[in-house]
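K.L.:
Each residue of the sequence shown is one higher than the last, beginning at 1 in full-length UniProt numbering. Here it is, the structure, as structure tokens.
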Amino acid sequence: MVTCTHIYTTHVQETCLKEEKCVICQNSISHEDTVVVLGEKGSKSVNKASKSRQDNVVTSAGQKLHQNCRKSYTNPKYIALANKIRKSDVYPVRTSEFQCKIEDICRQREDEWALEVRGRLAFVQDLHAADALYHQTCSVNFRTLKQTPLAFSPPAKKAKTQAGRKSSLSERSQSICQIGLRLFVNDAKT
Numbered sequence: 001m002v003t004c005t006h007i008y009t010t011h012v013q014e015t016c017l018k019e020e021k022c023v024i025c026q027n028s029i030s031h032e033d034t035v036v037v038l039g040e041k042g043s044k045s046v047n048k049a050s051k052s053r054q055d056n057v058v059t060s061a062g063q064k065l066h067q068n069c070r071k072s073y074t075n076p077k078y079i080a081l082a083n084k085i086r087k088s089d090v091y092p093v094r095t096s097e098f099q100c101k102i103e104d105i106c107r108q109r110e111d112e113w114a115l116e117v118r119g120r121l122a123f124v125q126d127l128h129a130a131d132a133l134y135h136q137t138c139s140v141n142f143r144t145l146k147q148t149p150l151a152f153s154p155p156a157k158k159a160k161t162q163a164g165r166k167s168s169l170s171e172r173s174q175s176i177c178q179i180g181l182r183l184f185v186n187d188a189k190t
């Protein structure tokens, strides 16, 4: 005899097992997400990108991924950027004063980067104990109130341009006035 709780438990376990995650971002794949099902060629390109990035992402044909994750993960520009970041000078936080100094600079900067750093610091009581790492170039730029180094900045998105001729209202007005003036002068001559 099967009890209702046994049926419910089995259903819940099956649902949990069916939940799929994107191998790249590790987030669950929901029905609202734009998803791609990898074919043999797609799987090979993701595995090749993983090897280039020195990651341990392994995919197989039939696996589902977020479309944007796959695009950015296999994009040669993002791969080069990831490798550039990996090769940069990274140092561990060695003192508790480091965190205090960074918090003071955050209050001094009052910009978007400071807000991002402050948000990260809010989750860690002691950076040294958490084995936190920092990039030397980022540290220097942050402390000297400069912007994020280009190597660590996300690529700028291209502004979408509308098709057609660009003209401002003032240019149109001037053109119409010039045409009107020519017509007036031509009428006066005749």
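Glycine residues also receive a C-beta, built at the ideal position from the N, C-alpha and C atoms.
So what's V57 in DSSP terms, helix, strand or just coil?
P.N.:
Reduced to three states, the DSSP call for V57 is coil.
K.L.:
Is it the case that the segment 93 to 105 contacts the segment 40 to 58, given that we only count it when at least three CB pairs across the two stretches are under 8 Å?
P.N.:
Contact fails: fewer than three Cβ-Cβ distances are below 8 Å.
K.L.:
How should I176 be labelled, buried or exposed, when 16 other C-beta atoms within 10 angstroms of its C-beta is the threshold for buried?
P.N.:
I176 is exposed by the Cβ-count criterion.
K.L.:
How many Å lie between K84 and C25 at the Cα?
P.N.:
Approximately 20 Å, taken between the alpha carbons.
K.L.:
Could you tell me the distance, in whole angstroms, from the CA atom of V36 to the CA atom of Q67?
P.N.:
The alpha-carbon atoms of V36 and Q67 are separated by roughly 5 Å.
K.L.:
Could you tell me which whole beta strand (DSSP E) segments of length 3 or greater appear in the segment 49 to 113?
P.N.:
Listed in chain order, they are 64 to 66, 90 to 92.
K.L.:
For the alpha helix (DSSP H) holding V140, just list the boundary residues, first then last.
P.N.:
Where V140 is concerned, the enclosing alpha helix (DSSP H) stretches over 136 to 143.
K.L.:
Work out the CA separation of R109 and L145 for me, nearest whole Å.
P.N.:
L145 and R109: Cα-Cα distance of roughly 7 Å.
K.L.:
By how many angstroms is the C-alpha of Q178 removed from the C-alpha of Q136?
P.N.:
Rounded to the nearest angstrom, the two C-alpha atoms are 60 Å apart.
K.L.:
By how many angstroms is the C-alpha of D131 removed from the C-alpha of K44?
P.N.:
Whole-angstrom Cα-Cα distance: 35 Å.
K.L.:
Does the Cβ of R70 have 16 or more other Cβ atoms within 10 Å, making it buried, or fewer, making it exposed?
P.N.:
Counting Cβ neighbours within 10 Å, R70 comes out buried, since at least 16 surround it.
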